[in-house]
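**Q** My questions all concern the structure below.
Protein chains: 2
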Amino acid sequence: MTILDRFFKGDVRALSRLISFVENQAPDYQKLLARLYPRSGRAYRIGFTGPPGSGKSTLVDKLTSKLSKEGNKIGIIAVDPTSPFTGGALLGDRIRMQNLAGAKDVYIRSMASRGSFGGLAATTKEVALVLDAFGKDFVIIETVGVGQVELDVANTCDTTVVVFVPESGDSVQAMKAGLMEIADIFVVNKTDREGAKRIISELESILELRREKDGWEFPVVATVAINDVGIEELWSKISDHQEFMSENGILQQKRKNQVKIELKEIIENKMKKILEKKVFSGLNLEEIAERVLKGEDDPYSAGERFLDQADLFD
Amino acid sequence: MTILDRFFKGDVRALSRLISFVENQAPDYQKLLARLYPRSGRAYRIGFTGPPGSGKSTLVDKLTSKLSKEGNKIGIIAVDPTSPFTGGALLGDRIRMQNLAGAKDVYIRSMASRGSFGGLAATTKEVALVLDAFGKDFVIIETVGVGQVELDVANTCDTTVVVFVPESGDSVQAMKAGLMEIADIFVVNKTDREGAKRIISELESILELRREKDGWEFPVVATVAINDVGIEELWSKISDHQEFMSENGILQQKRKNQVKIELKEIIENKMKKILEKKVFSGLNLEEIAERVLKGEDDPYSAGERFLDQADLFD
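Here it is as structure tokens:
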């Protein structure tokens with residue numbers, strides 16, 4: 000049996016290997032993705048994002064336990080900042096595995112984010128596709144971050160949950176304008192701490208400005224994940240959103256847009272690789288930079304010259 | 000006289016028009032940049048970044064007043080989030096103009112950031128080049144933001160100052176791993192407020208982990224910008240850093256790298272435009288997306304097919 004056969008039979012080790020294959024962008028990984036694509040589209044994708052220390056992992060774990068007990072198959076992709084100091088999230092991963100050890104059909108994968116600031120890893124979307132094709136009911140993507148990097152999450156997921164804690168006033172202010180672009184549901188976690196009321200009302204006053212998006216009212220859910228408080232309500236909001244998306248044809252529209260974005264990205268990435276190989280390799284960057292610094296050339300003219308000469312598709 | 004002649008004679012209205020020309024990416028704006036390039040390279044670029052409300056503008060204004068009084072010519076680029084709610088930073092701009100009304104040879108330009116999360120505007124680097132070629136001694140780039148978006152600032156400036164306030168604990172934690180990639184100098188502003196000592200010691204304990212970069216010790220400067228407290232010390236640190244960069248050949252090296260990055264960006268942008276024009280326009284995205292959703296196609300194969308067919312340079 001090939002790995003792919005084993006994968007389609009539900010072999011978890013085959014799943015692991017195919018994920019690594021995709022994550023490392025091994026030769027022909029895109030051919031693999033093309034093979035898996037027709038088997039995908041069934042899983043519902045939920046994104047969790049928010050500042051570090053907001054308890055995203057605990058929330059995801061509690062939600063996963065619940066969904067798993069009800070017979071769902073769950074894939075979790077935990078994207079963590081690549082930190083030169085801490086060496087990434089492997090530790091966190093192992094701790095979580097213990098918590099969810101009893102849960103059936105739960106697969107957790109850690110990925111290192113592209114930069115040290117959070118955001119998605121280069122192949123998060125592709126790994127989600129693999130989990131989807133494997134037959135997961137839900138793929139949960141969890142990543143640290145506040146800011147632009149998180150648009151990625153919203154573009155990749157069907158429902159996006161943004162998690163805050165009572166201390167996040169700063170982040171809420173920073174993201175004010177963009178919050179509704181990212182989030183479908185807001186969670187304030189650790190609401191047993193001081194300041195919870197203030198941040199909930201801060202969020203609600205921001206939401207006042209734009210209560211609805213295509214008819215969706217943004218909910219704010221208060222949780223204390225560690226004590227299992229609010230998990231049921233969170234799930235009911237996620238599932239409201241799922242239903243809302245499906246009933247109004249919005250899910251279909253969103254996925255169609257995702258495919259378009261994906262296709263453009265695939266083409267752009269291929270072009271970049273061609274550029275690297277055919278153009279940048281033949282470009283003596285060092286020499287041009289020296290000449291520019293001496294005032295003998297400028298990057299605009301140099302760029303123009305090189306594209307004129309480049310024969311990219313021979 | 001052409002606008003360019005007037006520009007070289009120091010006409011501020013010509014400066015304004017050329018900046019707009021570049022900002023709007025008017026036809027042939029890159030030819031203009033190629034013309035200005037040999038006149039640039041003299042100005043020292045200082046970046047200020049940090050969370051909203053940290054008082055970056057006040058700091059920049061106070062520093063500008065001081066430098067202007069000492070006979071320096073200053074260009075300020077204030078990049079502000081494009082917010083659908085507040086309508087951007089025009090108001091802030093007008094208030095600042097009043098504060099600096101007495102200052103000679105100070106030019107302030109507001110630009111809207113690419114996204115609603117801060118970061119640089121698409122043509123910030125190019126506008127900095129125009130100000131540089133106009134003869135400014137210092138170009139100060141100021142932008143809201145914590146996170147990945149700020150790497151841009153560090154890549155564009157010679158010295159980057161990251162500003163926090165006593166309430167920024169959250170942001171400091173979020174950026175922990177990446178802080179030293181971005182900042183050369185840290186400022187804690189509004190240190191007359193509660194919590195100042197705590198955040199200063201938090202920053203210092205992060206810096207413990209990597210006290211030096213090529214021999215540079217990262218300073219933490221305490222300020223109360225509104226009362227002019229700490230501005231002299233901040234300036235002395237910036238000028239230490241400038242000296243340090245020049246003496247050790249690091250400035251030269253950094254600028255060479257900037258030119259390389261710039262050249263690659265210019266080529267990539269041109270390629271993207273060619274892609275938009277030649278490929279994406281001939282690509283029936285809608286149709287492909289529909290077929291993908293029906294399971295009759297997948298984006299990986301579709302991308303491959305289209306690049307095989309595309310003849311980009313005819």
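Chains as they are written, first to last, in numbering that gives the first Met the number 0: chain A, 0 to 313; chain B, 0 to 313. Ideal placement from N, C-alpha and C gives every residue a C-beta, glycine not left out.
1. Along chain B, which residues have their Cβ under 7 Å away from the Cβ of G302(A)?
2. Find the nearest neighbour of A153(B) within the set A182(B), L128(B), G40(B), E246(B), judged by alpha-carbon distance.
3. In whole angstroms, what is the alpha-carbon distance linking V228(B) and L128(B)?
4. Does DSSP classify T63(A) as helix, strand or coil?
5. Closest Cβ-Cβ distance between A288(A) and chain B: below 9 Å?
6. Under 9 Å, Cβ to Cβ, is there at least one residue of chain A near G40(B)?
7. Measure the C-alpha to C-alpha separation of G52(B) and E295(B) and round it to an integer number of angstroms.
8. How is D104(B) classed by DSSP in three states: helix, strand or coil?
9. Could you tell me the distance, in whole angstroms, from the CA atom of L190(A) to the CA atom of E289(B)?
10. Please name the residue or residues paired with G49(A) in a DSSP beta bridge.
11. So is V11(B) buried or exposed if we call it buried at 16+ other beta carbons inside 10 Å?
12. List, in order along the chain, the chain B residues whose C-beta lies closer than 8 Å to that of R192(A)?
13. Determine which residues of the segment 36-64 of chain B have a Cβ less than 8 Å from any Cβ of chain A, and write them out in chain order.
14. Report the three-state DSSP secondary structure of G9(A) (helix, strand or coil).
15. Taking the alpha helix (DSSP H) that F243(A) belongs to, which residues open and close that run?
16. Taking buried to mean at least 16 other C-beta atoms within 10 Å of its own C-beta, is E332(B) buried or exposed?
17. Counting only beta-carbon atoms, is G248(A) nearer than 9 Å to chain B?
18. Between A288(A) and the ligand MN, is the CB less than 8 Å from at least one heavy atom?
19. Could you say which of I73(A), E180(A), V161(A) lies nearest to N188(A) if we only look at CA atoms?
20. Taking 9 Å as the threshold (C-beta atoms), are A102(A) and T63(A) in contact?
21. Can you tell me the Cβ-Cβ gap for L262(B) and G302(A), rounded? I've got them flagged as a contact below 8 Å.
22. When the Cβ atoms of the segment 131-141 of chain B are set against those of the segment 63-79 of chain B, are three or more pairs found closer than 8 Å?
23. Using three-state DSSP, classify S115(B) as helix, strand or coil.
24. Does any residue of chain A bring its CB to less than 9 Å from the CB of N226(B)?
25. For F163(B), collect the residues of the same chain with a Cβ closer than 8 Å to its Cβ; drop the 5 residues on either side in sequence, then sort them by chain order.
26. Rounded to the nearest angstrom, what separates A120(A) and L233(B) at their Cα positions?
27. Against chain B, with Cβ distances strictly below 9 Å, would P298(A) count as a contact?
28. Could you tell me if D4(B) is buried or exposed, where buried requires 16 or more neighbouring beta carbons within 10 angstroms of its beta carbon?
29. Tell me the DSSP bridge mates of T159(B)?
30. For chain B, find out if any of its Cβ atoms is closer than 9 Å to the Cβ of L32(A); answer yes or no.
31. Does the beta carbon of F279(B) sit closer than 9 Å to a beta carbon anywhere in chain A?
32. Around the Cβ of P298(A), are there at least 16 other Cβ atoms within 10 angstroms (buried) or fewer (exposed)?
33. According to DSSP, simplified to helix, strand and coil, what is A25(B)?
34. Would you tell me roughly how many angstroms separate the C-alpha atoms of S200(A) and L250(A), rounded to the nearest one?
35. For the beta strand (DSSP E) containing I75(B), list its first residue and its last residue.
36. Using the rule of at least 16 other Cβ atoms within 10 Å of the residue's Cβ for burial, across every protein chain shown, is S109(A) buried or exposed?
**A** Inspection of the coordinates gives the following:
1. L262, I265, I266, K269
2. A182(B)
3. 31 Å
4. In the structure shown, T63(A) sits in a helix (DSSP, three-state: H, G or I).
5. yes
6. yes
7. Distance between the alpha carbons of G52(B) and E295(B) is about 51 Å.
8. coil
9. It should be noted that the sequence gives Thr, not Leu, for residue 190(A). C-alpha separation (whole angstroms): 44 Å.
10. V143(A)
11. exposed
12. For R192(A), none of the residues of chain B pass the 8 Å Cβ criterion, the least Cβ distance being about 14 Å.
13. Y36, P37, G40, P50, P51, G52
14. coil
15. 230-246
16. Nothing about residue 332(B) can be read from this structure; chain B reaches only from 0 to 313.
17. Closer than 9 Å: no.
18. This structure lacks the ligand MN; in fact it carries no ligand of any kind.
19. Nearest of I73(A), E180(A), V161(A) to N188(A), Cα basis: V161(A).
20. yes
21. The beta-carbon distance between L262(B) and G302(A), rounded to whole angstroms, is 6 Å. This is short enough to meet the 8 Å contact definition.
22. Counting Cβ pairs under 8 Å, three or more are found: they touch.
23. Its pLDDT being 43, under 50, S115(B) is placed unreliably by the model, and nothing is read from it.
24. no
25. G49, P50, S53, S170, V171, F185, V186, V187, N188, I198, L202
26. 37 Å
27. yes
28. exposed
29. G46(B)
30. yes
31. yes
32. Per the 10 Å Cβ criterion, buried.
33. coil
34. Put simply, the backbone Cα of S200(A) is about 30 Å away from that of L250(A).
35. 73-79
36. buried
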